[in-house]
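Student: I'd like to ask some things about the structure below.
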Ligand SMILES: C[S@@+](CC[C@H](N)C(=O)[O-])C[C@H]1O[C@@H](n2cnc3c(N)ncnc32)[C@H](O)[C@@H]1O
């Protein structure tokens, strides 16, 4: 390498490093999905979402334990995919509870229904939802869990306001999503939202952060409740 090429090379490396740091600290446009992809290929996504090695870093049992669900409660897995979390949620609420397995992709809804039938999980209710709202009964859900799906939602301010309506007065919203940096698992950093952006958006929509377990190696884990004293868009104020 010539004497003049060396500084140019260093300058390029420095510029790339800065650009990378920039992409990690700057968020996406608030409320816009970072990617619009289809999840219709059940076989492909089953191999991705349900690969046995995922348990090592996803720790589904520990995640569900941390959510402290009670027997008989109603939980919704929003963007449930192939149903990776469903058996754990079904166990936590028991046969007298309800697990809404909520998906926009019809093939995945049918797949989760088959899984529930095969495993005799009668408390699992597959829901073919709309993109712009969770099609769930108002005021009935104790916990909405959103895993690796928040960044797929569009118009999140409106979406989160409507979502508050399906929660019980003390209902919670748990968001687990990818840390915005290069990781051995998950999408590229460009498709991720920073933890701070998610907190800011959910708080701005009228929730407060009440817990943030930090045992997951690749994802942040945020638990929110509806903020007290807020008047909810559809007329349901949280009860005192
Ligand atoms: C990356 S996958 C995560 C699947 C699952 N939560 C898991 O952890 O294995 C995102 C899922 O969200 C679904 N999805 C995207 N937008 C949605 C929306 N507006 N409502 C419900 N599901 C949605 C997709 O069809 C896809 O199955």
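In our numbering, the protein residues as written are 5 to 244. In this text, a Cβ means the ideal position worked out from N, Cα and C, and glycines have one as well.
Do you know offhand how far residue 77's Cα is from residue 143's?
Tutor: 13 Å
Student: Considering only the alpha carbon of each residue, which of 184, 199 and 198 lies closest to residue 192?
Tutor: Closest in alpha carbon position to residue 192, among 184, 199 and 198, is 184.
Student: Which of the three DSSP states is assigned to residue 89 in this structure?
Tutor: coil
Student: Output the distance between the C-alpha atoms of residue 210 and residue 164, rounded to the nearest integer angstrom.
Tutor: 8 Å
Student: By how many angstroms is the C-alpha of residue 158 removed from the C-alpha of residue 101?
Tutor: 30 Å
Student: To the nearest angstrom, report how far apart residue 110 and residue 225 are at their CA atoms.
Tutor: 27 Å
Student: How many angstroms separate the CA atom of residue 135 from the CA atom of residue 129?
Tutor: 18 Å
Student: Give the secondary structure of residue 222 by DSSP, where H, G and I count as helix, E and B as strand, and everything else as coil.
Tutor: Three-state DSSP puts residue 222 in coil, outside helix and strand.
Student: Could you pull out every unbroken alpha helix (DSSP H) segment of at least 4 residues lying fully inside the stretch 167-214, listed in chain order?
Tutor: 199-208
Student: Measuring alpha carbon to alpha carbon, tell me which of 218, 213, 182 and 205 ends up nearest residue 232.
Tutor: 213
Student: Taking only heavy atoms of ligand 1 into account, decide whether any of them is closer than 7 Å to the Cβ of residue 196.
Tutor: no
Student: Hey, residue 187 and residue 222: beta-carbon distance below 8 Å or not?
Tutor: Result yes, Cβ atoms of residue 187 and residue 222 sit closer than 8 Å.
Student: Are there 16 or more other CB atoms within 10 angstroms of the CB of residue 253, so buried, or fewer, so exposed?
Tutor: Past the boundaries of the shown model lies residue 253; the chain is included only from 5 to 244, so the question cannot be answered.
Student: If you pair each beta-carbon of the stretch 114-123 with each one of the stretch 137-157, do three or more pairs fall below 8 Å?
Tutor: no
Student: Is the closest heavy atom of ligand 1 to the C-beta of residue 179 under 7 Å?
Tutor: No - ligand 1 has no heavy atom lying nearer than 7 Å to the Cβ of residue 179.
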